[in-house]
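Note that full-length UniProt numbering gives residue 216 to position 216 of the sequence shown, counting from 1, and the numbers run on in steps of one.
Every residue gets a Cβ at the ideal spot worked out from N, C-alpha and C, and that includes glycine.
Quick caveat, the model's predicted, so the values are computed rather than measured.
To keep things clear, I will list the structure first and then write my remarks on it.
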Amino acid sequence: MIEEKIIIVGGGPAGAACAWKLKQRGITPLVLDKYSFPRPKVCAGWVPPDVFRLLEFQGDDYPYTFSQFDRINFHMFGIKIPAPTRQYAVRRYEFDAWMISRARVPVHTHCVRKITRENGFYIIDDQYRCKYLIGAGGTHCPVYKTFFTQKRSRPPKSLIVAVEKEYPYDILHNQCHLWFFDHGLPGYAWYLPKGNNWLNIGIGGKFHRMKQRGQNIMEQWHHFTKALQKKGFIGENPSSPKGHSYYFQHGPKKYQQDNAFIIGDAAGLSTLDMGEGIHGAVLSGIRVADAIVENKPFALPHLARFSLPKILLPN
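Laid out in structure tokens, this is it:
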């Protein structure tokens with residue numbers, strides 16, 4: 001059996017940020033992820049500037065596809081509202097691999113199936129043993145399922161569903177566009193061009209609202225892509241979009257059970273307005289590392305609930 005003081009389940013932004021901070025503070029954790037890196041990840045790849053500050057690096061130092069936006073075009077009820085800002089976009093396929101390699105910690109490819117607690121230690125699949133266990137495995141994180149389903153239940157009203165496609169494309173419009181409530185969507189759609197001719201388009205919204213209205217996320221997707229074609233944003237209708245689901249912030253704010261913790265999407269930390277989750281993932285990863293090192297309770301008192309204020313009024 002492999003034994004480590006700290007094991008992190010999930011090597012995405014939350015787990016990688018936690019591993020990086022722990023290593024920075026003198027502890028080398030073990031990361032378990034069911035996929036080897038780099039791996040595809042369904043996500044728009046929107047990164048607020050605060051993420052780079054938390055990770056202590058400049059955007060110019062990032063070696064992969066990276067886009068900076070100085071303007072976002074908001075569309076609402078047929079009205080276009082250009083807004084100056086400073087936001088960034090990455091390809092998660094590259095970003096996640098870069099983050100976990102930057103942490104310089106061991107990573108094992110392992111799909112966690114069973115977790116038990118024995119004599120103050122956590123036993124994972126009878127193969128791994130640790131004193132501290134951090135769940136960073138996303139919406140379906142096994143640490144959440146084992147220890148937090150009652151302590152931090154997930155209200156159905158907090159569920160977000162999204163469909164998106166990222167693909168190489170000869171970009172026709174190089175600005176970011178967001179459409180709110182188009183075609184009755186209880187959320188928004190996006191057109192996010194990235195560097196090296198990569199394009200990410202997608203839609204996301206509140207599942208319970210769509211269900212109440214008898215809407216289907218794929219019907220919304222087809223309406224959106226047809227609208228993009230009519231506007232001249234894309235040519236052919238992109239095939240094989242990918243879907244995923246996650247939760248925005250909700251109470252109670254309980255992310256710790258004994259020496260087990262949940263962070264990132266496992267904890268449901270996405271913002272209420274934009275469903276942005278990378279900032280919450282990175283912040284929670286860093287804060288839980290600090291809490292363990294300093295032997296303090298883990299809390300997130302300063303986690304932003306909304307994204308729009310900082311988009312419209314960037315630092």
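Kindly indicate which residue of Cys-43, Arg-102, Val-42 has the alpha-carbon position closest to the one of Phe-57. Arg-102
By how many angstroms is the C-alpha of Phe-52 removed from the C-alpha of Pro-314? 14 Å
Nearest-angstrom Cβ-Cβ length linking Ala-17 and Val-282, presumed shorter than 8 Å: 4 Å
Would Gly-195 and Ser-67 be called neighbours here (beta carbons separated by less than 8 Å)? yes
I need the straight-line Cα distance from Tyr-255 to Asp-170, nearest angstrom please. 43 Å
Opposing strand residues paired with Arg-117 [DSSP bridges]: Tyr-122
What are the uninterrupted segments assigned as alpha helix (DSSP H) that are 4 or more residues long and contained completely in the stretch 56-114, given in chain order? 92-103
Inter-stretch contact (C-beta, 8 Å, three-pair minimum) for the stretch 78-97 and the stretch 38-45: yes
Rounded straight-line distance, which links the Cα of Phe-180 to that of Leu-172: 21 Å
What residue range does the beta strand (DSSP E) around residue 320 cover? No information on residue 320 is available, as it lies outside the stretch 1 to 315 that the chain covers here.
Please name the residue, chosen from Asn-73, Ile-100, Phe-74, that lies closest to Val-31 on a Cα-to-Cα basis. Ile-100
Ignore the nearest five residues each way along the sequence and tell me which others in His-279's own chain have a CB closer than 6 Å to its CB. Pro-48, Asp-50, Val-51
Nearest-angstrom beta carbon gap, Met-1 and Gln-127 [assumed within contact, 8 Å]: 6 Å
For Lys-41, does the three-state DSSP call read helix, strand or coil? coil
CA-to-CA distance, Leu-133 to Arg-154, given in whole angstroms: 21 Å
Return the bridge partner residues of Trp-179 from the DSSP annotation. His-75, Ala-189
Whose CA, out of Phe-121, Ile-72, Ala-162, lies closest to the CA of Lys-206? Ala-162
CB-CB under 7 Å to Ala-289, same chain, minus the five flanking residues each way: which ones, in chain order? Cys-18, Lys-21, Leu-22, Arg-25
For Asp-61, count neighbouring Cβ atoms within 10 angstroms of its own Cβ and tell me buried if that reaches 16, exposed if not. exposed
So is Ala-312 buried or exposed if we call it buried at 16+ other beta carbons inside 10 Å? Before going further, note that residue 312 is Leu rather than Ala in the sequence given. So Leu-312 ends up on the exposed side.
Within this structure, are the beta carbons of Gln-249 and Lys-151 separated by less than 8 Å? no
Anyone know if the C-beta pair for Val-143 and Ile-115 falls short of 8 Å? yes
In the structure shown, what three-state DSSP assignment does His-244 receive? strand
With distance defined between alpha-carbon atoms, name the residue in Glu-3, Val-42, Gly-10, Gly-11 nearest to residue 355. Coverage of the chain is limited to positions 1 through 315, which leaves residue 355 absent and any answer about it impossible.
Classification of Cys-111 by the beta-carbon crowding that lies within 10 angstroms, buried from 16 upward: exposed
Contact defined as beta carbons within less than 8 Å: I believe Ala-44 pairs with Trp-198. What is the distance between those atoms, to the nearest angstrom? Not really, about 12 Å apart at Cβ, beyond 8 Å.
Endpoints, beta strand (DSSP E) assigned at Leu-32: 30-33
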